[in-house]
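Undergrad: This structure is in structure tokens; I'll ask about it shortly.
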């Protein structure tokens, strides 16, 4: 089956089971000369696996495996960029993996053409030059990293989790191949897929709304319900649906804002080093006060898939840890304003935030 | 209110009431030098109106008014291109109007950089070079011309209605300003909006399906229902909704195929010169056999808006006219195969097609 070619109205991408076989076509005219170096940034999970054999590798190309045990950090990205710079400049960067790997590919691509360090670009519209031509190949669905205009990085020096939000961060091409998500473990498949559900709920509940983001979120939520409230969330049809949901959710959130879950989740990731998607689920599980119907629906989805969302993580922390969690949460003024208005600090006092974390 | 900036994940466009005021920003860096000529192709309806005063016109720019009394023809496009070529090459083409004007702008842009005549490019993927940088500004919602990769033209010499289907036909930028659709007459607003409804129904009922087109069509239909089954289809919120529905519907159909309605509608337009959108509605109104629930819903929408769909148009035509209608319908093998499979000619015999036309 030939992949559907989505025209540039949606950012040019290929979508179909088996689409990975067409990666060579996507590189054609861009980086398919003998000396045109392609830099592959690939989730370390695939090292030595069959996926690597299927890539259209040339002698000039390079593969770097991305260790995704931890989320991308600004220091880690800078180290990667220094390593890539020891060799000739790549003509294309291909990221193959989940959100962390895709975000790494986006960040590296931008920093190869823009001076300075990753931390200099954490914020909004700070990247001035287009990065190296970049292609995203997601291997798990949900983060929306394939569609979004950000690449999230932890900055430990500043206790800050924030991305390079820029038009230049958007992938030039995508290869969406639902076959690649067939081997994702159940829990990870669920937690990652829920990222789409959660950021669409946040977007539709926010104050910053527009018809386009609403339409994308609305449809992405509908696809999530179809996938997660049925028996087999990992059927071939559901894997394709979730891939589209993730893309639409990313398109929505790339043009809108998240709400309460992501700031709290960022706090968890910063202080307790839980991964983004599982952090989101831990937070979503205690959002009854703010997103009552979505919280209830989220629990039904977890139950339907037999997935246990971790609890008890923050019940007994030190005051210093609660303070760190509070700081790493409250710093996210944009999404918190989107959720609660300019007075978000009045609602989210230190005591209130600690109370919410204690429920997790 | 500043327009929402939709990133290139969805083809870069501005969406907001009042977005037209930002057209100058969209041209910045592209065609804003003193001598950078911008060619405006504008629906003749706006000649002498206030809209023209709001454009960021420079002395080097040119306005050509597009007569939309008839649909675009290959000969008409060729004549326009010859006229434009008498002056220096424009740096940008801006189309402002409905589907006919937007399609004219897309065709002219492509032919300014590709040799030959419009008819040479009717078909799929025949345009080899990118056209002049093109911006679309729809003033009525529904055709999806703003998002699609085609520009439909009548070729009277070949009794054929067919577009230049090409990636190069897609607009580089869009300005989606729902304020511009506030003055569209009721009937036209309905008939044009129904184009979205109809091509999404066709896409979702076809044999060629994929999760992306399905998701866009599904959401576009939902927005159509919200707009046309409520009291005031032209409220500010509904005009914005319909603009997004039109874009999503165009994105869906640009990556999928129409079905039975469009071929019959093309027949009507070719032989009886009815406009595309009203032709679609005339056909949809008699599709009980093929799209029963959508036909019923379509009639409810027309009733809710107090719009009368023309009937009796084809009751008593000459055999020669029925033959011409049949030929201009059956020629559309791709959508008819999508709707009925490879054996579509067995279902749609001349007698059957005449019977269907007689109901209109």
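Residue numbers (our numbering), protein chains in the order written: chain A, 689 to 1048; chain B, 689 to 1048. From the three backbone atoms N, C-alpha and C, an ideal C-beta is built for every residue, glycine too.
1) Which of the residues in the segment 888-909 of chain B, read from start to end, lie with their CB under 7 Å from any CB of chain A?
2) Going straight from the alpha carbon of residue 944 (chain B) to that of residue 898 (chain B), what length do you get?
3) By the 10 Å Cβ neighbour count, where 16 or more other Cβ atoms means buried, how is residue 722 (chain B) classified, buried or exposed?
4) When DSSP labels each residue in this structure, what does residue 821 (chain B) get in the three-state scheme?
5) Suppose the cutoff is 8 Å on Cβ atoms and the five residues either side in sequence are ignored; what does the same chain contact list for residue 767 (chain A) look like?
6) Within the segment 716-757 of chain A, note down every full alpha helix (DSSP H) run reaching 4 residues or more, in order along the chain.
7) Along chain B, in chain order, which residues have C-beta atoms closer than 7 Å to that of residue 713 (chain A)?
8) Kindly say whether residue 913 (chain B), judged by its beta-carbon, lies nearer than 8 Å to any beta-carbon of chain A.
9) Would you decide whether residue 918 (chain A) is buried or exposed? Buried here means 16 or more other CB atoms lie within 10 Å of its CB.
10) Chain A beta carbons: is any one of them nearer than 8 Å to that of residue 861 (chain B)?
11) When the Cα atoms are used, what is the spatial distance from residue 787 (chain B) to residue 932 (chain A)?
12) Out of A:888, A:922, A:847, A:789, state which residue places its alpha-carbon closest to the alpha-carbon of residue 823 (chain A).
13) Taking the CB atoms as reference points, tell me whether residue 812 (chain A) and residue 853 (chain A) lie closer together than 8 Å.
14) Which residues in chain A have a C-beta closer than 9 Å to the C-beta of residue 1049 (chain B)? List them in chain order.
15) Indicate whether residue 914 (chain A) and residue 937 (chain A) have their beta-carbon atoms separated by less than 8 Å.
16) Straight-line CA distance for residue 865 (chain B) to residue 923 (chain B)?
17) Please identify the residue among B:1012, B:705, B:888, B:773 whose C-alpha is closest to the C-alpha of residue 830 (chain B).
18) What does residue 936 (chain B) touch in chain A if you count any residue whose Cβ is under 8 Å from its own?
19) Can you pull the chain B residues whose beta carbon is under 8 Å from the beta carbon of residue 703 (chain A), in chain order?
20) Among the residues of its own chain, which have a CB less than 6 Å from the CB of residue 982 (chain A), if the five just before and after it don't count?
21) Classify residue 844 (chain B) as buried or exposed, calling it buried when 16 or more other Cβ atoms lie within 10 Å of its own Cβ.
22) Would you say residue 718 (chain B) reaches chain A, if we count a Cβ-Cβ gap shorter than 8 Å as a contact?
23) Ignore the nearest five residues each way along the sequence and tell me which others in residue 1009 (chain A)'s own chain have a CB closer than 7 Å to its CB.
24) Apart from the five residues just before and just after residue 956 (chain A), which ones in its own chain have a Cβ nearer than 6 Å to its Cβ?
25) Report the rounded CA-to-CA distance for residue 977 (chain A) versus residue 1044 (chain B), giving the unit in angstroms.
26) Between the segment 853-882 of chain B and chain A, which residues of the former have a C-beta closer than 7 Å to a C-beta of the latter?
27) Within 10 angstroms of its Cβ, does residue 934 (chain B) collect 16 or more other Cβ (buried), or is it exposed?
28) Comparing the C-beta of residue 932 (chain B) with each C-beta of chain A, is any distance below 8 Å?
29) Could you tell me which whole beta strand (DSSP E) segments of length 3 or greater appear in the segment 861-934 of chain A?
30) Could you tell me whether the segment 793-802 of chain B touches the segment 704-719 of chain B, using the rule of 3 or more Cβ pairs below 8 Å?
31) For residue 929 (chain B), which residues in chain A fall below 7 Å Cβ to Cβ?
32) Between residue 969 (chain B) and the rest of its own chain, which residues show a CB-CB distance below 6 Å, the 5 nearest in sequence each way excluded?
33) CB-CB under 8 Å to residue 771 (chain A), same chain, minus the five flanking residues each way: which ones, in chain order?
34) If distances are taken between C-alpha atoms only, which option among B:903, B:744, B:1038 comes closest to residue 1013 (chain B)?
35) Comparing C-alpha positions only, which one of A:902, A:1033, A:988, A:964 sits nearest to residue 757 (chain A)?
36) For residue 761 (chain B), name the three-state secondary structure that DSSP assigns.
TA: Short version:
1) 898, 899, 900, 903, 906, 907
2) 8 Å
3) exposed
4) strand
5) none
6) 738-741
7) Chain B residues near residue 713 (chain A): none, gap ~14 Å exceeds 7 Å.
8) no
9) exposed
10) no
11) 28 Å
12) A:789
13) yes
14) Residue coverage of chain B in this structure runs from 689 to 1048, which leaves residue 1049 (chain B) outside it and unanswerable.
15) no
16) 14 Å
17) B:888
18) 903
19) 898, 899, 900
20) 889
21) exposed
22) no
23) 959
24) 962, 967
25) 57 Å
26) 855, 858
27) buried
28) yes
29) 861-864
30) no
31) 899
32) 879, 882, 997
33) 752
34) B:1038
35) A:964
36) strand
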